[in-house]
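Asker:
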DNA sequence: CCAAAAGTGTTATAGCTACACCCATGT
DNA sequence: ACATGGGTGTAGCTATAACACTTTTGG
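Chains as they are written, first to last, in our numbering: chain A, 1 to 235; chain B, 236 to 470.
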């Protein structure tokens with residue numbers, strides 16, 4: 001409770017606004033190289049501040065929904081997609097995040113599957129961009145995406161979130177492509193394969209992926225839990 | 236924006252209240268066994284809801300301070316201590332956390348050093364308790380502490396936060412006691428020692444700790460960064 | 001001398017890395 | 001036949017765990 005009420009700007013007197021935003025990652029084939037790369041959807045700001053700049057999907061928190069539900073809702077509203085993974089990222093509450101009023105943003109991050117991501121609608125005000133080529137975003141959203149990428153790269157190494165990017169069956173090479181896209185480096189196919197075979201919750205199916213001009217690879221299935229909640233306090 | 240305005244309780248119409256809470260860990264010798272154990276300070280609720288139950292230190296967010304500053308402030312106010320480590324834990328925003336009004340709590344966790352923790356004042360309304368013997372706390376605070384403990388146990392294994400519990404110089408056995416207290420299991424002194432010697436940011440001093448009835452152990456110093464921000468988006 | 005913790009050495013094992021090699025398919 | 005990725009084998013290295021052993025102090 002500041003004593004100098006008269007000196008404090010009106011802005012500082014209002015209670016901070018509470019908003020939810022979401023960083024949504026999908027793996028899409030790069031139009032040039034054809035290898036999968038990380039993409040995410042942005043929305044165009046139609047109002048000040050930062051009008052016409054691109055920003056993360058988000059909005060205010062409705063009084064009757066949980067934080068996670070709010071994130072899932074604004075994901076649904078902007079992309080039409082269901083997340084296969086959704087987790088809280090961080091609460092950003094710096095004093096100067098927005099030039100108008102103070103905003104505390106609770107940010108979630110999500111992964112969506114490629115078959116879904118293919119259907120994602122792009123409109124005048126919704127655009128998908130490569131995660132490594134965002135341009136300048138509104139507010140502190142560049143920094144937020146940086147942090148989300150950092151978390152994704154960490155988490156892919158010690159958890160099973162990679163399967164949130166894949167369909168119900170997949171080849172081991174596709175899993176490797178996910179890791180390579182996220183980590184940005186090549187992995188030894190032989191060793192990677194062995195590691196996966198050693199984990200109990202990846203089981204082989206009887207099917208093979210036809211169509212390549214080489215020996216058809218076996219398809220596998222992930223039987224572990226959705227991992228949706230790992231690292232969340234509810235788990 | 237619900238259509239059924241008439242059906243929604245008044246509670247659901249107000250904007251959620253935003254609060255900051257902090258889980259503060261210190262290592263104190265157990266009065267019985269003498270080995271260090273985890274303790275944390277609680278404050279007594281003097282108002283409804285949950286009047287007279289114990290709760291985590293916390294309070295509303297002032298308009299002119301960052302989230303982290305607010306956490307540091309309520310740590311200072313309730314215990315008189317400076318944290319040697321302070322990091323955001325999670326934002327809790329479930330609908331039924333408080334029976335009166337909806338509250339979104341951004342929770343931080345902190346570690347304090349033992350020399351500080353020794354000075355910590357206990358009053359009628361502030362009490363330190365063992366982390367494994369909390370009793371029933373107000374709101375969802377038991378669950379929050381559980382999660383903070385989980386994070387602490389994880390983080391102690393892959394980062395250097397253990398030194399946040401120690402003074403400027405320490406013996407390697409003291410470091411081991413920190414790990415043992417946090418992880419709740421015994422560690423092999425010989426192997427643990429070698430691991431520490433192999434890390435670059437622990438350097439030996441010329442001094443030895445006298446007073447034990449055995450060979451005096453050498454004192455060491457931690458030269459790495461405060462690690463205050465690791466895992467935070469600002470880092 | 002003895003107890004107790006500090007500190008060093010040694011061996012077995014598990015996991016990872018690099019890379020050679022064979023297998024099955026489409027063209 | 002041959003190019004291409006799928007899939008297997010294997011030797012070397014590194015980290016760790018288990019535990020025997022020596023060292024230095026106080027009593």
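Cβ atoms here follow ideal geometry from the backbone N, Cα and C, with glycine treated the same way. Owing to the predicted nature of the structure, the values given are computational and were not obtained by experimental measurement.
1. Please tell me whether residue 88 (chain A) has its Cβ less than 8 Å away from any Cβ of chain B.
2. Drop a sphere of 10 angstroms on the beta-carbon of residue 257 (chain B), count the other beta-carbons inside from all chains shown, and report buried for 16 or more, exposed for fewer.
3. Using a beta-carbon distance below 8 Å, is residue 66 (chain A) in contact with chain B?
4. If we count the other Cβ atoms within 10 Å of its Cβ and call it buried at 16 or more, is residue 176 (chain A) buried or exposed?
5. Using a threshold of 8 Å, state whether the C-beta atoms of residue 209 (chain A) and residue 171 (chain A) are closer than that.
6. Using a Cβ-Cβ distance under 8 Å, would residue 225 (chain A) count as near chain B?
7. So residue 182 (chain A) packs on residue 144 (chain A), CB below 8 Å; how close in whole Å?
8. For residue 163 (chain A), does the count of other Cβ atoms within 10 angstroms reach 16, so buried, or fall short, so exposed?
9. Please determine, among A:87, A:61, A:92, the residue with the shortest C-alpha to C-alpha distance to residue 330 (chain B).
10. Given this structure, state the Cα-to-Cα distance separating residue 468 (chain B) from residue 150 (chain A), to the nearest angstrom.
11. Just to confirm the assignment, what range does the beta strand (DSSP E) spanning residue 457 (chain B) have?
12. Closer than 6 Å by C-beta to residue 93 (chain A): which residues in its own chain qualify, once you throw out the five before and the five after it? Chain order, please.
13. Expressed to the nearest angstrom, what Euclidean distance is found between the alpha-carbon atoms of residue 240 (chain B) and residue 334 (chain B)?
14. With DSSP as the reference, identify every bridge partner of residue 103 (chain A), one or two as the case may be.
15. How about residue 344 (chain B) and residue 274 (chain B): do their beta carbons lie closer than 8 Å?
16. In this structure, does DSSP put residue 427 (chain B) in helix, strand or coil?
17. Counting C-beta neighbours from all protein chains within 10 Å, is the total for residue 155 (chain A) 16 or more, i.e. buried, or is it exposed?
18. Using a Cβ-Cβ distance under 8 Å, would residue 72 (chain A) count as near chain B?
19. Please list, in chain order, the chain A residues whose beta carbon lies closer than 8 Å to that of residue 320 (chain B).
20. Does the distance from the C-beta atom of residue 271 (chain B) to that of residue 361 (chain B) stay below 8 Å?
21. Residue 273 (chain B) lies in the beta strand (DSSP E); which residues open and close that run?
22. According to the Cβ coordinates, are residue 102 (chain A) and residue 17 (chain A) closer than 8 Å?
23. Taking Cβ positions, are residue 88 (chain A) and residue 382 (chain B) nearer each other than 8 Å?
24. With respect to the alpha helix (DSSP H) encompassing residue 437 (chain B), which residues constitute its N-terminal and C-terminal limits?
25. With 16 other CB atoms within 10 Å as the buried threshold, where does residue 220 (chain A) fall?
26. Please name the residue, chosen from A:184, A:134, A:225, A:131, that lies closest to residue 157 (chain A) on a Cα-to-Cα basis.
27. Give a yes or no on whether the minimum CB-CB distance between residue 298 (chain B) and chain A is below 8 Å.
28. By a C-beta neighbour count over all protein chains shown, 10 Å radius and 16 as the cutoff for buried, is residue 168 (chain A) buried or exposed?
29. Assign residue 49 (chain A) to one of two classes, buried (16 or more other C-beta atoms within 10 Å of its C-beta) or exposed (fewer than that).
30. Take every Cβ of the segment 287-294 of chain B, pair it with every Cβ of the segment 304-311 of chain B, and state whether three or more of those distances are shorter than 8 Å.
31. Going by the DSSP bridge assignment, what does residue 363 (chain B) pair with across the sheet?
32. Interface residues of chain B around residue 258 (chain A) at Cβ under 9 Å?
33. So if DSSP puts residue 90 (chain A) in a beta bridge, which residue, or which two residues, is it bridged to?
34. Closest Cβ-Cβ distance between residue 106 (chain A) and chain B: below 8 Å?
35. What first and last residue would you give for the alpha helix (DSSP H) that runs through residue 349 (chain B)?
36. Tell me the residue span of the beta strand (DSSP E) that contains residue 266 (chain B).
Answerer: Taking the coordinates as given:
1. yes
2. The residue in question, residue 257 (chain B), is buried, as its Cβ has 16 or more Cβ neighbours within 10 Å.
3. Yes, its Cβ sits closer than 8 Å to a Cβ of chain B.
4. buried
5. Cβ distance < 8 Å, so residue 209 (chain A) and residue 171 (chain A) count as in contact.
6. no
7. Residue 182 (chain A) to residue 144 (chain A), Cβ: 18 Å. No contact.
8. buried
9. A:61
10. 9 Å
11. 453-457
12. The residues are 104.
13. Low confidence applies to residue 240 (chain B): its pLDDT is 39, below 50, so where it sits in the model is not reliable, and the reading given next is rough at best. Rounded to the nearest angstrom, the two C-alpha atoms are 20 Å apart.
14. A:17
15. no
16. Reduced to three states, the DSSP call for residue 427 (chain B) is helix.
17. buried
18. For residue 72 (chain A), not one C-beta of chain B is nearer than 8 Å to its own C-beta.
19. None at all; the shortest Cβ gap to chain A is about 17 Å.
20. no
21. 271-279
22. yes
23. no
24. No alpha helix (DSSP H) contains residue 437 (chain B), which is instead part of the beta strand (DSSP E) from 437-443.
25. By the C-beta density criterion, residue 220 (chain A) is buried, having at least 16 other C-beta atoms within 10 angstroms.
26. A:184
27. yes
28. Exposed, since its Cβ has fewer than 16 Cβ neighbours within 10 Å.
29. exposed
30. yes
31. B:276
32. Beyond the ends of chain A as shown, which are 1 and 235, falls residue 258 (chain A); an answer cannot be given.
33. A:107
34. yes
35. 349-354
36. Residue 266 (chain B) -> no beta strand (DSSP E), and no H or E assigned at all.
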